[in-house]
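The listed protein sequences derive, respectively, from chains Y and D.
Note that numbering that gives the first Met the number 0 gives residue 87 to position 88 of the first sequence, counting from 1, and the numbers run on in steps of one.
Note that numbering that gives the first Met the number 0 gives residue 142 to position 143 of the second sequence, counting from 1, and the numbers run on in steps of one.
Accompanying notes for the structure given below.
Number of protein chains: 2
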Amino acid sequence: MTMPLAAVRAQLQWRYATKQFDPARTIPAETWQVLEDSLWLAPSSFGLQPWKFLVVDTPALRQELRKASWNQAQLTEASKLVVLAGRRSIDQGDIDRLIARTAELRQQPLANLDGYRKMLSGFVQGGWASKDLAAWNARQVYIALGQLLTTAAMLGIDACPMEGIDMAAYDRLLGLDGTPFTTLCSVPLGYRHASDKYATLPKVRMPREAAFERR
Amino acid sequence: MTMPLAAVRAQLQWRYATKQFDPARTIPAETWQVLEDSLWLAPSSFGLQPWKFLVVDTPALRQELRKASWNQAQLTEASKLVVLAGRRSIDQGDIDRLIARTAELRQQPLANLDGYRKMLSGFVQGGWASKDLAAWNARQVYIALGQLLTTAAMLGIDACPMEGIDMAAYDRLLGLDGTPFTTLCSVPLGYRHASDKYATLPKVRMPREAAFERR
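Listed below in structure tokens is the structure:
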């Protein structure tokens with residue numbers, strides 16, 4: 000079942016970076032499952048999924064992460080908090096795991112995927128993205144971020160993505176030091192507080208004709 | 000009006016990278032408008048919108064872009080084609096334009112936004128993203144990409160995002176050389192062909208418990 004056009008447009012307009020969450024409101028578990036689905040099922044280049052999603056529910060840890068986020072209250076007042084981390088690199092093991100998983104889920108012999116494996120290895124070792132695999136991975140994580148924010152909007156869930164955080168402190172607090180993953184973005188999710196004045200301000204966008212060119 | 004949970008989950012599962020489009024099917028104009036809305040209204044860091052969206056309808060140009068895309072048929076067979084370009088940098092002029100636009104749309108005196116302007120300038124000149132502004136901008140474009148792909152899925156529109164393209168050729172063909180923008184991603188959109196066997200293959204994702212960690 001797809002969604003009516005007017006409803007999609009309305010929810011895209013409704014979304015904003017929430018400054019003040021209502022701490023009394025909780026995202027229902029079944030809604031949160033679908034928000035996790037939106038991350039889990041997000042598209043990525045070659046399907047490599049170069050990410051890890053850290054769902055932080057421990058109040059004391061959220062308090063510590065708040066200190067690493069310019070003390071922004073959303074960290075502790077939003078119903079949920081997910082930190083999006085990206086792989087620091089991609090190695091042959093990551094490629095082999097993807098190929099094995101493909102063979103398993105699609106019930107294909109591994110040998111049938113050998114050409115694909117070689118092409119993928121060649122790209123990771125010598126393609127344009129090979130100059131900075133961490134940056135390439137970060138782009139993929141931002142696809143997942145976009146999918147999460149849009150899905151949240153469609154479900155009437157508010158969010159406030161944050162990049163301006165102390166990522167080294169996040170890595171330390173989340174136990175990511177020495178792992179293949181590093182913090183990229185922190186996303187509190189929940190429900191806007193009735194008194195958040197930013198909710199009703201006009202969205203600031205360049206004129207539509209400046210965003211697009213026709214060829 | 001928000002969307003039912005089961006429908007959102009179903010559309011997230013329904014989405015896949017479409018290998019074969021039905022050239023006989025056209026995205027209705029009013030649906031395309033909402034897909035453009037999803038790009039235009041996409042979130043970005045500080046709301047800087049460091050992007051340009053090139054909608055390519057000229058058949059001869061799409062044929063040329065196909066050659067710069069490993070001759071993949073989606074370039075000419077999909078109903079629509081949009082190329083996502085990112086700013087090569089961010090300068091004070093970009094910041095000043097954003098501040099002026101904010102003052103205009105929110106009917107605030109420019110002076111009220113002076114602190115915000117200074118904070119933003121400081122971040123662009125010395126924050127973590129200042130080491131590679133093009134990479135930072137690319138991440139924002141990928142949020143817009145994620146929002147486009149998710150919105151398309153909610154509307155039952157198929158897409159095939161492509162990064163493995165000859166970006167220098169794209170820039171030349173689209174007239175982006177010497178402009179502040181450069182090609183990042185090419186996205187044909189339309190309707191899957193009934194004979195695309197990829198449509199019915201299981202989605203390849205890591206096990207759900209491997210995508211998430213709980214803290």
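All C-beta atoms in this analysis are idealised placements derived from N, C-alpha and C, irrespective of residue type, glycine included.
Near residue i, which residues of its chain fall below 6 Å by C-beta distance, leaving aside the five closest residues on each side in sequence?
i, result
"Ser37(D)", "Gln146, Leu147, Thr150"
"Leu219(Y)", "The structure shown has nothing for residue 219(Y), since chain Y only spans 0 to 214."
"Val54(Y)", "Val81"
"Ala16(Y)", "Cys159"
Is there a C-beta anywhere in chain D that falls below 8 Å from the one on residue i?
i, result
"Gln12(Y)", "yes"
"Leu119(Y)", "no"
"Ala210(Y)", "yes"
"Thr182(Y)", "no"
"Arg116(Y)", "no"
To the nearest angstrom, how far is it from the Cα of residue i to the Cα of residue j?
i, j, result
"Pro179(D)", "Leu188(D)", "26 Å"
"Asn136(Y)", "Ala143(D)", "16 Å"
"Gly177(Y)", "Ala5(Y)", "47 Å"
"Gln124(Y)", "Asp95(Y)", "14 Å"
"Trp39(Y)", "Leu154(Y)", "17 Å"
"Thr181(Y)", "Ala41(D)", "25 Å"
"Asp165(Y)", "Leu47(D)", "21 Å"
"Ile156(Y)", "Asp113(Y)", "43 Å"
"Lys51(D)", "Thr57(D)", "18 Å"
"Leu119(Y)", "Asn70(D)", "18 Å"
"Ala223(D)", "Arg171(Y)", "In the structure displayed, chain D extends from 0 to 214; residue 223(D) sits before or after that span and is not available."
"Pro108(D)", "Met205(D)", "51 Å"
"Ala193(D)", "Asp21(D)", "8 Å"
"Ala84(Y)", "Cys184(Y)", "7 Å"
"Trp127(D)", "Glu208(D)", "31 Å"
"Glu35(Y)", "Gln91(Y)", "27 Å"
"Gln10(D)", "Glu212(D)", "25 Å"
"Ala102(D)", "Gly121(D)", "20 Å"
"Arg8(D)", "Val33(Y)", "6 Å"
"Lys130(Y)", "Gly163(D)", "14 Å"
Grouping DSSP H, G and I as helix and E and B as strand, with all else coil, what is residue i?
i, result
"Leu84(Y)", "The sequence given here has Ala at residue 84(Y), not Leu. Of the three classes helix, strand and coil, the one that applies to Ala84(Y) here is strand, per DSSP."
"Pro187(D)", "strand"
"Gly165(Y)", "Note on identity: in this sequence residue 165(Y) is Asp, with Gly being the wrong assignment. Coil."
"Val203(D)", "coil"
"Arg96(Y)", "helix"
"Asp157(Y)", "strand"
"Arg213(D)", "strand"
"Leu215(Y)", "Nothing can be reported for residue 215(Y), as the shown portion of chain Y is limited to 0 through 214."
"Thr25(D)", "coil"
"Trp39(Y)", "helix"
"Ala193(Y)", "coil"
"Trp69(D)", "coil"
"Ala152(D)", "helix"
"Val123(D)", "helix"
"Lys117(D)", "helix"
"Ala16(Y)", "strand"
"Val54(Y)", "strand"
"Thr30(D)", "helix"
"Thr75(Y)", "helix"
"Thr101(Y)", "helix"
Between residue i and chain Y, is the shortest Cβ-Cβ distance under 8 Å, so that the two count as touching?
i, result
"Val7(D)", "yes"
"Leu4(D)", "yes"
"Leu173(D)", "yes"
"Arg213(D)", "yes"
"Leu104(D)", "yes"
Quick one: does residue i have its CB under 8 Å from some CB of chain A?
i, result
"Ala16(D)", "Absent from the structure: chain A. Protein chains present are Y and D."
Is any non-hydrogen atom of the ligand FAD found closer than 7 Å to the C-beta of residue i, if you look at the structure I gave you?
i, result
"Val82(D)", "With respect to the ligand FAD, the structure offers nothing, as it holds no ligand at all."
Ignore the nearest five residues each way along the sequence and tell me which others in residue i's own chain have a CB closer than 7 Å to its CB.
i, result
"Leu74(D)", "Arg61, Leu64, Arg65, Ser68, Leu80, Pro187"
"Arg24(Y)", "Ser78, Gly189, Tyr190"
"Ser43(Y)", "Pro49, Gln139, Ile142"
"Tyr197(Y)", "Tyr15, Lys18"
"Trp31(D)", "Lys79"
Only counting the same chain, and skipping five residues up and downstream in sequence, which positions put a Cβ closer than 8 Å to that of residue i?
i, result
"Met2(Y)", "Met153"
"Gln12(Y)", "Lys202"
"Met161(Y)", "Ser68, Gln71, Gln73, Cys184, Ser185, Val186, Pro187"
"Ala210(D)", "Arg204"
Going along the chain, which residues of the segment 34-62 of chain D sit with their C-beta nearer than 8 Å to a C-beta in chain Y?
Within the segment 34-62 of chain D, the qualifying residues are Glu35, Asp36, Ser37, Leu38, Trp39, Leu40, Ala41, Pro42, Ser44, Gly46, Gln48, Trp50, Lys51, Phe52, Leu53, Val54, Val55, Asp56, Thr57, Leu60.
Residues in the segment 131-153 of chain D having any Cβ partner in chain Y nearer than 9 Å:
Within the segment 131-153 of chain D, the residues whose Cβ lies closer than 9 Å to some Cβ of chain Y are Asp131, Ala134, Trp135, Ala137, Arg138, Gln139, Val140, Tyr141, Ile142, Ala143, Leu144, Gly145, Gln146, Leu147, Leu148, Thr149, Thr150, Ala152, Met153, listed in chain order.
At a CB distance below 9 Å, what residues from the segment 191-204 of chain D approach chain Y? Give them in sequence order.
From the segment 191-204 of chain D, only Leu200, Pro201, Lys202, Val203, Arg204 have a Cβ closer than 9 Å to chain Y.
Determine which residues of the segment 19-35 of chain Y have a Cβ less than 7 Å from any Cβ of chain D, and write them out in chain order.
Cβ contacts with chain D: Glu29, Thr30, Val33, Glu35.
Give, in chain order, every residue of the segment 155-168 of chain D whose Cβ lies closer than 8 Å to some Cβ of chain Y.
Correct list: Gly155, Pro160, Glu162, Gly163, Met166.
Compile a chain-ordered list of the residues in the segment 59-92 of chain D whose CB is closer than 7 Å to at least one CB of chain Y.
From the segment 59-92 of chain D, only Leu60 have a Cβ closer than 7 Å to chain Y.
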